[in-house]
Amino acid sequence: MEIAIHGFNTEPIAAGSSVEFSCSYPSHIEVTSIQGWSQIWHPEPKPAPLDMLPAYKVRMSYPGSNGNCTMKLANLTTKDAATYYFVYKYRHRTADQMTCNGIPGVRLHVFASPVHIVVETIVSGQKTLVKDWTVMEGQSILLTCSRTCAENLNSYSGYIWYKNRLQLNTSQVNSFYLSLHPVSKEDAGSYVCVLIGYKDFPSSAVNLIVQNRPRSIMSGESDDSRHENDSLPLPRSPKGKSLFRFPVVLVASVCFGLAVVITVAVVFARIYTSGSGFQRPVS
Numbered sequence: 024m025e026i027a028i029h030g031f032n033t034e035p036i037a038a039g040s041s042v043e044f045s046c047s048y049p050s051h052i053e054v055t056s057i058q059g060w061s062q063i064w065h066p067e068p069k070p071a072p073l074d075m076l077p078a079y080k081v082r083m084s085y086p087g088s089n090g091n092c093t094m095k096l097a098n099l100t101t102k103d104a105a106t107y108y109f110v111y112k113y114r115h116r117t118a119d120q121m122t123c124n125g126i127p128g129v130r131l132h133v134f135a136s137p138v139h140i141v142v143e144t145i146v147s148g149q150k151t152l153v154k155d156w157t158v159m160e161g162q163s164i165l166l167t168c169s170r171t172c173a174e175n176l177n178s179y180s181g182y183i184w185y186k187n188r189l190q191l192n193t194s195q196v197n198s199f200y201l202s203l204h205p206v207s208k209e210d211a212g213s214y215v216c217v218l219i220g221y222k223d224f225p226s227s228a229v230n231l232i233v234q235n236r237p238r239s240i241m242s243g244e245s246d247d248s249r250h251e252n253d254s255l256p257l258p259r260s261p262k263g264k265s266l267f268r269f270p271v272v273l274v275a276s277v278c279f280g281l282a283v284v285i286t287v288a289v290v291f292a293r294i295y296t297s298g299s300g301f302q303r304p305v306s
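Taking the numbering used here, the leading residue of the sequence shown gets 24, the next gets one more, and so forth.
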């Protein structure tokens, strides 16, 4: 005994739309029970009657009698992607009860949107993918509205670009790409593209972040020279006379005894006084 599942398009179907599984089985046989439509989950078949699941019960419909097992499933989501099959039991002419499950069934593919946005930088004609959507001010940026399943879409007349939920009206309208050259801080925002004729299925939003360009250091001036200019000048001592000689001599002479220290200090004081222009008073 066979189940004929026919007229079903296994090509990807957009989320939010409806699909119909055309199905029939012999009407002259004695059907003892109908389990109905179930799914096959990879890797093992696990029968799960859809009309017993709340998530499907309100979205599906099928007569399930008189040889007609056609099912319609509305408001598709990406979670509906699976293999579906119809199960019923009938009485064989030997009085044995037989099960017909319609395996291998039919495979349903569901996509959230027919398009998605690819962000790339262009340097010397070479494209580089930007995964985190963060770019540098002044770079050449290309946003491409790439089709998810181009061969399965009906005719369309172009693309529509949106930025921050507002439709863009530029010379690149209806084009599959959007060029930002050079990109500026004003270009930052949320971008979305759609195919004309598929406005209910926009791409996922791309939140473009534009960072400030690094500031360059003025030519001829390094960080070290700038720090040197900013520092305070050291006090200058009289020519040929170091103000630090006395403490150095004093510290160096401590280890030789108090008498040596006093002698050196007196001699140094006399030399420094005569060199600085001061005259000793005549006694």
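Backbone N, C-alpha and C fix where the C-beta goes; we use that ideal spot for every residue, glycine too.
Practice problem: Could you name the residues that DSSP lists as bridge partners for E143? | Solution: On the sequence shown, position 120 is the one that residue 143 refers to. DSSP output for E143 lists L152, L165 as bridge partner(s).
Quiz item: How many Å lie between G39 and Y200 at the Cα?
Solution: The count along the sequence shown starts at 1 and reaches residue 39 at position 16. The count along the sequence shown starts at 1 and reaches residue 200 at position 177. In a straight line, the C-alpha of G39 is about 26 Å away from that of Y200.
Exercise. Could you tell me the distance, in whole angstroms, from the CA atom of T100 to the CA atom of E43?
Key: Along the sequence shown, read from residue 1 onward, the residue named residue 100 stands at position 77. Along the sequence shown, read from residue 1 onward, the residue named residue 43 stands at position 20. Distance between the alpha carbons of T100 and E43 is about 15 Å.
Quiz item: Bridge partners of T157, per DSSP?
Solution: Along the sequence shown, read from residue 1 onward, the residue named residue 157 stands at position 134. Paired residues: I232.
Self-check item: H115 versus Q62, Y107, I52, Q58, residue with shortest Cα-Cα distance
Solution: As a working note, residue 115 is residue 92 in the sequence shown. With distances taken between Cα atoms, H115 lies closest to I52.
Exercise. Work out the CA separation of T171 and F224 for me, nearest whole Å.
Key: Numbered from its first residue, the sequence shown carries residue 224 at position 201. Numbered from its first residue, the sequence shown carries residue 171 at position 148. Between F224 and T171, the C-alpha separation is close to 12 Å.
Quiz prompt | Distance between Y182 and H139 (C-alpha atoms, nearest Å) | solution = Counted from its first residue, the sequence shown places residue 139 at position 116. Counted from its first residue, the sequence shown places residue 182 at position 159. So the alpha carbons of these two residues sit roughly 12 Å apart.
Exercise. Could you tell me which of I63, T93, D119 sits nearest to D103, measuring between CA atoms?
Key: Locating residue 103 in the sequence shown gives position 80, counting from the first residue. It is I63 whose Cα lies nearest to the Cα of D103.
Quiz prompt | Stretch pair the segment 154-173 + the segment 224-239: three plus CB contacts closer than 8 Å | solution = yes
Self-check item: Pairwise C-alpha distance: T93 and N192
Solution: Translated into the one-based positions of the sequence shown, residue 192 becomes position 169. Translated into the one-based positions of the sequence shown, residue 93 becomes position 70. Straight-line Cα distance between these residues: approximately 46 Å.
Quiz item: Distance, Cα to Cα, G307 vs Y185?
Solution: Past the edges of the chain, shown from 24 to 306, lies residue 307, and the structure says nothing about it.
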